[in-house]
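Colleague: Numbering (the numbering used here), first residue to last: -11 to 597.
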Amino acid sequence: MCGIVGYVGDRQAAEFLLEGLSKLEYRGYDSAGIAVYNGENIRVEKCVGRLAALREKIKDDVPQGTIGIGHTRWATHGRPSDVNAHPHTDCSGDFVVVHNGIIENYLALKEALIEKGHVFKSETDTEVVAHLLEEVYNGDFEESVREVLRRIEGSYSLVFMCRQHPDRLICTKQDNPLVIGLGDGENFIASDIPAIINRTRRTYILNDGEMAVVKKDAIEITNRKGELVTKKVFEVNWNAEAAEKGGFEHFMLKEIHEQPKAVRDTMSQRIAKDGKRIVMSELKWNADFLNNFNKVYIVACGTAYHAGLVGKFYIEKLARIPVEVDVASEFRYRDPIVDENTLLIVVSQSGETSDTLAALKESKRRGAQTLALTNVVGSSIAREADQVLYTWAGPEIAVASTKAYTTQLILFFMLALYMAEIKGTLPDDEIAHFVSMLQQVPAQISETLSDVEPIKTFAKQYGFNEDVFYIGRSLDYDVALEGALKLKEISYIHAEAYAAGELKHGTLALIVEGVPVIALATQKSVYEKTLSNIKEVKARDAVVIGIAAAGDEELEKYVDHVIHVPETDELLIPILTVVPLQLLAYYAAITRGCDVDKPRNLAKSVTVE
Ligand code: F6R
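1) Does His245 pass the burial test, meaning 16 or more other C-beta atoms within 10 Å, or should it be called exposed?
2) Should Arg588 go down as buried or exposed, given a rule of 16 or more other Cβ atoms within 10 Å for buried?
3) Taking the continuous alpha helix (DSSP H) assigned at Ser179, which residues delimit it?
4) Please determine whether the Cβ atom of Cys289 lies at a distance below 6 Å from any heavy atom of ligand 1.
5) Under 6 Å Cβ to Cβ from Phe108, same chain only, skipping five residues before and after it: list those, please.
6) May I ask you to report which of helix, strand or coil DSSP gives His153?
7) Spatial neighbours of Val133 within its chain, please: C-beta separation below 6 Å, excluding the five flanking residues on both sides.
8) Assuming Arg43 is part of the alpha helix (DSSP H), what are its boundary residues?
9) Hey, is Ser462 close to ligand 1, as in C-beta under 6 Å from one of its heavy atoms?
10) Would you check whether ligand 1 has a heavy atom nearer than 6 Å to the C-beta of Tyr338?
11) Determine the contact status of Ser110 and Asn164, defining contact as a CB-CB distance below 7 Å.
12) At 4 residues or longer, what runs of the alpha helix (DSSP H) sit wholly inside the region 214 to 264?
13) Measure the CB-CB distance between Val24 and Val202 and report whether it falls below 7 Å.
14) Are the Cβ atoms of Val376 and Ile478 separated by less than 7 Å?
15) Under 6 Å: does the beta carbon of Ser389 sit that close to some heavy atom of ligand 1?
16) Under the three-state reduction of DSSP, which class applies to Ile93: helix, strand or coil?
17) Run the proximity test for Thr188: is its beta-carbon closer than 6 Å to any non-hydrogen atom belonging to ligand 1?
18) Looking only at its chain, what residues have a beta carbon closer than 6 Å to the beta carbon of Ala250, apart from the 5 residues adjacent to it on each side?
19) Is there at least one non-hydrogen atom of ligand 1 closer than 6 Å to the beta-carbon of Val594?
20) Within this structure, are the beta carbons of Ala488 and Ile506 separated by less than 7 Å?
21) Can you check whether the CB of Ile140 is closer than 7 Å to the CB of His59?
22) Within the same chain, show all residues whose beta-carbon is closer than 6 Å to that of Met199, passing over the 5 residues directly before and after it, in chain order.
23) Any heavy atom of ligand 1 closer than 6 Å to the CB of Ala599?
24) Quick check: the region 348 to 361 against the region 60 to 68, are at least 3 beta-carbon pairs closer than 8 Å?
25) Using CA coordinates, which residue listed in Thr254, Arg308 and Ala295 is at the minimum distance from Asn279?
26) By DSSP, does Val429 sit in helix, in strand, or in coil?
27) At what residue ranges does the region 541 to 569 contain a whole run of the beta strand (DSSP E), taking only runs of 3 or more?
28) Check whether the region 326 to 334 and the region 421 to 430 are in contact - that is, three or more C-beta pairs closer than 8 Å.
29) Can you have a look at Asp78 and say buried or exposed, based on whether 16 or more other CB atoms are within 10 angstroms of its CB?
30) Looking at the structure shown, is Val365 part of a helix, part of a strand, or coil, going by DSSP?
31) Tell me which residue opens and which closes the beta strand (DSSP E) that Ala295 is part of.
32) Determine the DSSP secondary structure at Arg190, reduced to helix, strand or coil.
33) If you follow the alpha helix (DSSP H) that Gly169 is in, where does it begin and where does it stop?
34) In terms of DSSP beta bridges, what is Cys159 paired with?
35) Starting from the C-beta of Ile303, find all residues in its chain whose C-beta is less than 6 Å away, skip the five residues before and the five after it, and write them out in chain order.
36) The beta strand (DSSP E) that contains Leu377, what's its start and end?
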């Protein structure tokens, strides 16, 4: 995820900017840059690659000055490159900005600014903000930034510099973190606490919509209406390691909690202004393009494969196109029937998984059209595929994939709706209904995350069992597979996911007294059948934890405990039901003292066959 730093004081700004950015390196990035006011101009230095490359670039001529901003970029709009790196400037170079997040209406703003004569250098959404500030600037820096904020939509933390006001930085945030570090005759700004804790532990944490004017010896914070805000100083007492995890004990837990934002970001810019349709400006498909395909394959590994199973369900149900899903390591060696009438969709968080990449290359060689769903801009898979849709989950650091999975599900759902509209397989009002349900998902994930105590208790109760079974039907089965994988990989408990109807064809022999069974029962069309399967395991004295939608009062009659998730359309509920399963795996691993973020034998990115 992008990192932001800022400094104003009497010391050389570049020194802190580089140090602060180095403390954010753990979050992953692809380019870095700084901007420092040198008494005359704002000098910007930036380049693609690691911070070491930036240090090397400026080593004989470090920008001199006591006010500046810096950034490490994780590409979203535009590939990793020197020009796309932040900071970004307007035409004159007088206005400089760094940004985390996504400016959703940047294309419309960019077109309007180009008409007015602005010349853009990068492909980023961020550059629009610098030009917009130049456009509206009326001599009053604060008021002009406010005007910019009135015109931009999206999620952001932003820090602005202006050559005409070299004594101050202005920063603001919406749905992205930003913190101000309080020094003595100097002040700091950062997107995350690790960047500043070597310098100060006294901070102001900005809230959404607040704007701060930060000078070396004064900080003024106002709300959206321009009213002064009095803030309490927040003393950071975390150590550096805890600070990296945002106060969470592990990256995995942090990433589980980041899912509402990751899902919201992945939806942003893909929902039409009227909130009734899906827009995929990256694809520009039409009926001719889609009708050309007699087969869609989804190919991926591990958790991404599990997302693909749900993707198949969505595309078949909504767009009525038959889909086959395969694990990449099998697909590539079974002489698959792939030709120019095949659409191959590969799914990969890292964009570097060797088997998935090989399947993609092989399918291209055989003439298929290819689409990648990935989280990493400029990754090998993104570069190799004909077309790309990005999940905007931000970097995933924990080995066990969580927010990548939920964002992949959201992206598949949007893709299926987009295909359905093109194919005419769903009426407009049904598409609009689904889009409105979709928009509620981030808040529903937050609600699911708000009460983890029962899950902790179950994890303690059952964390030392040898075997755990996950059952479900239809989409519940797909989620069961992901739940079981999470438990296996981080807690080392043997876990099996079974299509509930398959139990009696063999696995039921393993169900004996006290064996925990996690039973998902959210799919209405198979609800009664799932209940029968639950009764089968209860009759063998299994301990059953049911996962149900809010309002379901039936399930609790047949199981030992129930975890409810908010009510939504049954197609979208996998994005919610997976959350308690992630948490269950997490707390079971904690109970067993496992190394949650780095489970044994596993790597985050599998670049070998
Ligand atoms: C499980 C997990 C793995 C990955 C798999 C594919 O939690 O993370 O199963 O999903 O290795 O990785 P990507 O998505 O990077 O291709």
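Think of the CB as a built atom: it goes at the ideal place given N, C-alpha and C, for glycine as much as any other residue.
Bear in mind the structure is a predicted one, so any value in this text is a computation, not a measurement.
Modeller: Taking the geometry as given:
1) Here residue 245 refers to the residue found at position 257 of the sequence shown. Result: buried.
2) Locating residue 588 in the sequence shown gives position 600, where the first residue counts as 1. Answer is exposed; the Cβ neighbour count stays below 16.
3) Start at 1 with the first residue of the sequence shown, and residue 179 comes out as number 191. It is not in any alpha helix (DSSP H) - Ser179 carries neither H nor E in the DSSP assignment.
4) In the sequence shown, residue 289 corresponds to position 301, counting from 1. For ligand 1, at least one heavy atom lies less than 6 Å from the Cβ of Cys289.
5) Looking up residue 108 in the sequence shown gives position 120. So the list reads Glu115, once near-sequence residues are dropped.
6) In the sequence shown, counting from the first residue as 1, residue 153 sits at position 165. Three-state DSSP puts His153 in coil, outside helix and strand.
7) Position 145 of the sequence shown holds residue 133. Excluding sequence neighbours, Val133 sits near Phe148 and Ile158.
8) What you label residue 43 is simply residue 55 of the sequence shown in a count that begins at 1. From DSSP, the alpha helix (DSSP H) with Arg43 extends over Leu39 to Ile46.
9) Taking the first residue of the sequence shown as position 1, residue 462 is located at position 474. Incorrect: Ser462 has no Cβ contact closer than 6 Å to ligand 1.
10) Locating residue 338 in the sequence shown gives position 350, where the first residue counts as 1. As written in the sequence, residue 338 is Ser, which differs from the Tyr given in the question. Yes; taking the cut-off as 6 Å, the Cβ of Ser338 has a heavy atom of ligand 1 nearer than that.
11) Along the sequence shown, read from residue 1 onward, the residue named residue 110 stands at position 122. Along the sequence shown, read from residue 1 onward, the residue named residue 164 stands at position 176. No, the Cβ-Cβ distance between Ser110 and Asn164 is not below 7 Å.
12) 228 to 232, 239 to 245 and 247 to 255
13) In the sequence shown, residue 24 corresponds to position 36, counting from 1. In the sequence shown, residue 202 corresponds to position 214, counting from 1. Going by C-beta atoms, Val24 is not nearer than 7 Å to Val202.
14) The residue given as residue 376 occupies position 388 in the sequence shown. The residue given as residue 478 occupies position 490 in the sequence shown. No, the Cβ-Cβ distance between Val376 and Ile478 is not below 7 Å.
15) Here residue 389 is taken as the residue at index 401 of the sequence shown, counted from 1. Correct: Ser389 has its Cβ closer than 6 Å to ligand 1.
16) One-based indexing of the sequence shown puts residue 93 at position 105. The question names Ile, but residue 93 is Asn in the sequence shown. It is coil, neither helix nor strand.
17) Here residue 188 refers to the residue found at position 200 when the sequence shown is read from its first residue. The answer is no for Thr188.
18) For the purposes of this step, residue 250 is identified with residue 262 of the sequence shown, where counting begins at 1. These residues qualify, in order along the chain: Ala381, Lys391 and Thr395.
19) Position 606 of the sequence shown holds residue 594. Checking the Cβ of Val594 against ligand 1 gives yes.
20) Against the sequence shown, residue 488 aligns to sequence position 500. Against the sequence shown, residue 506 aligns to sequence position 518. In this structure, Ile506 does not lie closer than 7 Å to Ala488 by Cβ.
21) By 1-based counting over the sequence shown, the position of residue 59 is 71. By 1-based counting over the sequence shown, the position of residue 140 is 152. Taking 7 Å as the Cβ cut-off, His59 and Ile140 do not qualify as a contacting pair.
22) What you label residue 199 is simply residue 211 of the sequence shown in a count that begins at 1. Counting only Cβ-Cβ distances below 6 Å, and skipping sequence neighbours, we find Thr160 and Thr210.
23) Nothing can be reported for residue 599, as the shown portion of the chain is limited to -11 through 597.
24) no
25) Walking along the sequence shown from the start, residue 279 turns up at place 291. Ranking the options by Cα distance to Asn279, first place goes to Arg308.
26) Sequence index remark: in the sequence shown, residue 429 carries index 441 (1-based). Residue state, collapsed to three classes: helix.
27) 549 to 553
28) no
29) Here residue 78 refers to the residue found at position 90 when the sequence shown is read from its first residue. Flag for Asp78 reads buried.
30) Mapped onto the sequence shown, residue 365 falls at position 377. It is coil, neither helix nor strand.
31) Along the sequence shown, one-based indexing puts residue 295 at 307. From DSSP, Ala295 is part of no beta strand (DSSP E) but of the alpha helix (DSSP H) over Gly290 to Tyr302.
32) By 1-based counting over the sequence shown, the position of residue 190 is 202. It is a strand residue.
33) Translated into positions along the sequence shown, residue 169 becomes position 181. Counting along the chain, Gly169 falls outside any alpha helix (DSSP H), though it belongs to the beta strand (DSSP E) covering Val167 to Leu170.
34) If you number the sequence shown from 1, residue 159 lands on position 171. Paired residue(s): Val147 and Ala200.
35) Position 315 of the sequence shown, counting from 1, holds the residue named residue 303. Correct list, in chain order: Ile309, Val311 and Ala404.
36) Within the sequence shown, the letter at position 389 stands for residue 377. Counting along the chain, the beta strand (DSSP E) containing Leu377 begins and ends at Gln375 to Tyr378.
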